[in-house]
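Colleague: Here it is, the structure, as structure tokens.
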Amino acid sequence: MKPEEGKIVHGDSFSYCSQQAWVQNVTVRDNILFGKEYNEECYERVINLCALTHDLEKFSRW
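All residue numbers for the sequence shown refer to UniProt numbering, where the first residue is 1 and numbers rise by one.
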């Protein structure tokens, strides 16, 4: 597919996000924390932002 019109605009920096999921063979919590200290408010926010609440409710404990 070749672009026919438009432009790419970016500020001082940009990021790349691979389309291939990478999950460690550890708990969901450890995958979310990725080595950082547990903070309940932040952890719950990430779960909500990633739309994981419904999925994790299917488990007995997250």
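Virtual Cβ for every residue (Gly too), placed ideally from N, Cα, C.
#1: Per DSSP, what kind of secondary structure is L52 in: helix, strand or coil?
#2: Cα-Cα, which of S15, T53, N31 and K2 is closest to A21?
#3: If we call anything under 8 Å between Cβ atoms a contact, is L56 one with V23?
Modeller: In this structure, then:
#1: As a first step, residue 52 is located in the sequence shown; it is residue number 52 there, counting from the start. L52: coil per DSSP, three-state reduction.
#2: Position 21 of the sequence shown, counted from the first residue, corresponds to residue 21. The shortest Cα separation from A21 among S15, T53, N31 and K2 belongs to N31.
#3: By 1-based counting over the sequence shown, the position of residue 56 is 56. By 1-based counting over the sequence shown, the position of residue 23 is 23. Not a contact, by the Cβ cut-off of 8 Å.
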